[in-house]
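Undergrad: The structure follows.
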Amino acid sequence: MKEIINSNKALRKKVLDVAEVAGFLWQRGWAERNAGNISVNLNDILTDDIPRFADYPYFKLQTGYPELSRACLFVTGTGKRMRNLADKPVKNALMIRIDDEGVGYYIISGKKDPSINLKPTSELPTHLSIHQMIKQRGTDEKVVIHTHASELIALTQVREYCNEERLNDLFWGMHPETKVFVPKGVGFVPYLTPGTKEIAAETLRALDHHDVALWEKHGVFSIGADIIETFDVIDILVKSARIFFMCRNAGLEPEGLTVEQLDDLGKIVF
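Just add 867 to wherever you are in the sequence shown, counting from 1, and you've got the working numbering.
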């Protein structure tokens, strides 16, 4: 993979940005052990001229993703830690290219012997489902981040906040930046077993109208056009949750912004 990255400045920049965000996730305590995963659609910077696809290891997918035909993605590796991805992204992530029918993928950063290659994250089906949804609706998001943001998980351990409307009222009410930079709020996904078709479907439902899906008692998915901005959205939501908990820990009931104040914020254009 080094050769491909070193020959493409735009790709190198994206890989370094992924490494930087992986470091942020680890430093904030949101990436214990091998928690979390990242994928980036590279089709805007990689053309279809990577040679001899048949020479690369090939793997079938359990579900087809026809809209992702010929898509190239940078994906974190299964079992890999964010702290190691931050230090050595090439050794802890891989590049895949979806085949012409969308039913399998080539590891284009790999070697001819498939047994020695790093495999994609176990959450690959969820990532591919999200990238396919983005392709179907024609929007420009290219990044998917999944992480275990502690403060957001803590909110979903409280039954009254396992509710999309209550969550968004809290997020927007605690900090003006949240209303400005996360105007769509979050979509809530009730607890389901990770890595299943069911949780992938619920995540798609949540992301149909939001840029963030909060998994009950597990973590968060965020999508965006740029990996730094995609991380920023999670960071802003965590700030709101932290302010809420700070007030509660002090024995105070946070007042929150009024409806009128939120309406005024909604008129701000950046």
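C-beta: ideal position from N, C-alpha, C; glycine also.
What residue does the beta strand (DSSP E) around K927 start on, and which one ends it?
TA: Element bounds for K927: Y925 to K927.
Undergrad: Buried or exposed: D966, going by 16 or more other Cβ atoms within 10 Å of its Cβ?
TA: Its Cβ being crowded by 16 or more others within 10 Å, D966 is buried.
Undergrad: Within 8 Å, do at least three Cβ pairs link the region 982-999 to the region 1059-1068?
TA: Result yes; three or more Cβ-Cβ pairs closer than 8 Å.
Undergrad: Can you name the start and end residues of the beta strand (DSSP E) that C1114 belongs to?
TA: Note, C1114: premise wrong, no beta strand (DSSP E); alpha helix (DSSP H) at I1094 to N1116.
Undergrad: So which of L1119, H1015 and G1123 has the shortest CA-CA distance to V809?
TA: The question about residue 809 has no answer here: the residues shown for the chain are numbered 868 through 1137.
Undergrad: If I follow the unbroken alpha helix (DSSP H) through H1013, where does it start and stop?
TA: Premise fails: H1013 lies in the beta strand (DSSP E), V1010 to T1014, not in any alpha helix (DSSP H).
Undergrad: Between the Cα of I1012 and the Cα atoms of V888, N984 and P1050, which residue gives the shortest distance?
TA: Here the closest residue by C-alpha is V888.
Undergrad: Distance check for N901 and C1114, CA to CA, integer angstroms please.
TA: Rounded to the nearest angstrom, the two C-alpha atoms are 32 Å apart.
Undergrad: DSSP on N959, reduced to helix/strand/coil?
TA: N959 falls in the helix class under three-state DSSP.
Undergrad: Which of the three DSSP states is assigned to N951 in this structure?
TA: Three-state result, N951: helix.
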